[in-house]
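J.: A single structure is presented below for examination.
Set out below in structure tokens:
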């Protein structure tokens, strides 16, 4: 925190010297000083995520957190300057140099700290010892994650079953090597992970009793990996902390940013493609009888029915009640123009109107026909969790090749797997990545017919 504060102030002073005036002869004006102090206050006191132990934070996570915090602080300052009409009192060159230079130095500080800690841990310093309690199946994901996180400085001492903790602790105390070592040199147990099912109340009590004299951090690692859970964090409701087993990640700031993304990008894209939409609409009207748009109710966010639009690609026909027949290869119902539109995904462009209506998102799980949802929800566990977010025009499953006809259960299972992965890792960065991937490989696919 001290180094971040120093970086903010030093970058502000140097930028003023370079772009405004020589501050060795002219003191920095009070208004600049106040602005810098406000920025320092916002980033240093805005929350604890930025300054928690590096041992439990991935490097990319640290950089992402400091980026969002610093950019958020600057945006708050810009809004205040705009509302007070005082932005003209500050040099734009100074502001850009200060803000970008500060972020760059914060990056370099964390890179240096990360490399220093990794070097120390390579030499055997700065480690914390860890004991894993639980069976092989329950503890395997935790062990795998630990093996891939060498940067954490966590050293696994042993993995023991619940009923073996007492014996293991006794063996550590009776170990001749430990008895001969001085108090300062004796190995200390820093972390204990209980990899036990939430239903194993007896096992948890046994473990806590065995560790009653230990000062180690004891953490419960529920077997989330064997369950299809969404956004399994901790939420406080009316003062009661609760473990989320299945909750929508689109809340709070994420809902705001996701909405901004949809309305801003949706408006820009719809404006750019409007000539193309008109051309396709005229082509459909002149090449086959029927309406230009195909409208169908599908399940949206939280399972609510929404009406979505697509360009009509088939001859007008009637389906039996409550039945929706998927398009297949060489389907006789598809018009020649419709086949081209489906292969290139141009038939889905009217859904940008659905985005501006608030029914869909640019990125999210593709909406399936209601009849398909009713069918697959009984066959695939976690299928309805796809509706924890708004359906999208493009999605993680589509850019990874899982689109088109799902003529086997395995194909649908893979699509659902990728959809749930997207929901669990939802972020604006992932959305932009999917949009970028869609531009290059998300429009044309061999399975789209």
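Residue numbers (the numbering used here): 1470 to 1918.
Think of the CB as a built atom: it goes at the ideal place given N, C-alpha and C, for glycine as much as any other residue.
At a cut of 8 Å, does the segment 1561 to 1569 reach the segment 1593 to 1603 through at least three beta carbon pairs?
T.: The segment 1561 to 1569 vs the segment 1593 to 1603: no contact.
J.: Could you tell me if residue 1766 is buried or exposed, where buried requires 16 or more neighbouring beta carbons within 10 angstroms of its beta carbon?
T.: Its Cβ having fewer than 16 others within 10 Å, residue 1766 is exposed.
J.: Tell me whether the beta-carbon of residue 1804 lies closer than 8 Å to the beta-carbon of residue 1832.
T.: No; because the gap between Cβ atoms is not below 8 Å, this pair is not in contact.
J.: Taking Cβ positions, are residue 1566 and residue 1487 nearer each other than 8 Å?
T.: Cβ atoms of residue 1566 and residue 1487: closer than 8 Å.
J.: So residue 1887 packs on residue 1871, CB below 8 Å; how close in whole Å?
T.: Right, the Cβ-Cβ distance comes to about 6 Å (below 8 Å), so this counts as a contact.
J.: For residue 1867, does the three-state DSSP call read helix, strand or coil?
T.: Helix at residue 1867.
J.: Can you tell me which of the three DSSP states residue 1828 falls into?
T.: Residue state, collapsed to three classes: coil.
J.: Taking residue 1578 and residue 1476 to be in contact with their CB atoms under 8 Å, please state how far apart those CB atoms are, rounded to whole angstroms.
T.: Indeed, because the Cβ distance is near 7 Å, the residues count as touching under 8 Å.
J.: For residue 1729, count the other beta carbons within 10 Å of its own beta carbon; 16 or more makes it buried, fewer makes it exposed. Which is it?
T.: Exposed, since its Cβ has fewer than 16 Cβ neighbours within 10 Å.
J.: Rounded to the nearest angstrom, what separates residue 1651 and residue 1642 at their Cα positions?
T.: Any answer about residue 1651 is weak, because its pLDDT of 45 lies below 50 and its placement is not dependable; what the coordinates show is given next. Answer to the nearest angstrom: the Cα atoms are 13 Å apart.
J.: In terms of residues, what are the limits of the beta strand (DSSP E) holding residue 1934?
T.: The structure shown does not extend to residue 1934, since the chain is modelled only from 1470 to 1918, so the question has no answer here.
J.: When you compare only the Cα positions, how much space is there between residue 1582 and residue 1896?
T.: Looking at the two C-alpha atoms, the distance is approximately 26 Å.
J.: Could you check what DSSP says for residue 1810 in three-state terms: helix, strand or coil?
T.: The answer is helix: DSSP assigns residue 1810 an H, G or I state.
J.: Put residue 1886 into one of helix, strand or coil per three-state DSSP.
T.: Helix.
J.: Which class does residue 1534 belong to by DSSP, given the choice of helix, strand or coil?
T.: Correct three-state label for residue 1534: helix.
J.: Pick out whichever of 1768, 1783 and 1841 has its Cα sitting closest to the Cα of residue 1758.
T.: For residue 1758, the nearest C-alpha among the options comes from 1783.
J.: Could you tell me the alpha carbon to alpha carbon distance between residue 1541 and residue 1547, rounded to whole angstroms?
T.: If you take the alpha carbons of residue 1541 and residue 1547, they lie about 10 Å apart.
J.: Less than 7 Å between C-beta atoms, sequence neighbours within five positions excluded: which residues of the same chain meet that for residue 1738?
T.: Counting only Cβ-Cβ distances below 7 Å, and skipping sequence neighbours, we find 1821.
J.: Considering only C-alpha positions, which residue in the set 1777, 1512 and 1510 is nearest to residue 1825?
T.: Checking every option, the nearest Cα to that of residue 1825 belongs to 1777.
J.: Starting from the Cα of residue 1785, find the closest Cα among 1539, 1898, 1753 and 1810 and give me that residue.
T.: Residue 1753 is the option with its Cα nearest to residue 1785.
J.: How do the segment 1656 to 1671 and the segment 1605 to 1623 stand: do at least 3 beta-carbon pairs fall below 8 Å, yes or no?
T.: Yes: at least three Cβ pairs fall under 8 Å.
J.: Tell me, to the nearest whole angstrom, how far the beta carbon of residue 1891 is from that of residue 1836; I am working on the premise that it is less than 8 Å.
T.: Their Cβ separation, rounded to whole angstroms, is 14 Å, which puts residue 1891 and residue 1836 out of contact at 8 Å.
J.: Could you check the C-alpha separation between residue 1490 and residue 1501 for me, to the nearest Å?
T.: Taking the straight line from one Cα to the other gives about 12 Å.
J.: Quick one: using the 10 Å Cβ neighbour count with 16 as the cut-off for buried, is residue 1471 buried or exposed?
T.: With fewer than 16 Cβ atoms within 10 Å of its Cβ, residue 1471 is classed as exposed.
J.: My output table needs one value for residue 1861: the three-state DSSP class, helix, strand or coil.
T.: Residue 1861: strand per DSSP, three-state reduction.
J.: Could you have a look at residue 1765 and say whether DSSP puts it in helix, strand or coil?
T.: Residue state, collapsed to three classes: strand.
J.: Quick check on the burial criterion: 16 or more other C-beta atoms within 10 angstroms. Buried or exposed for residue 1588?
T.: With fewer than 16 other Cβ atoms within 10 Å, it is exposed.
J.: Considering Cα atoms alone, identify which of 1866, 1569 and 1775 is closest to residue 1903.
T.: It is 1866.
J.: Just checking my contact of residue 1889 with residue 1819 at CB under 8 Å: how many whole Å lie between their CB atoms?
T.: Not confirmed; about 27 Å, so no contact.
J.: What does a CB cutoff of less than 8 Å around residue 1626 pick up in its chain, not counting 5 residues either side in sequence?
T.: Counting only Cβ-Cβ distances below 8 Å, and skipping sequence neighbours, we find 1598, 1599, 1600, 1656 and 1658.
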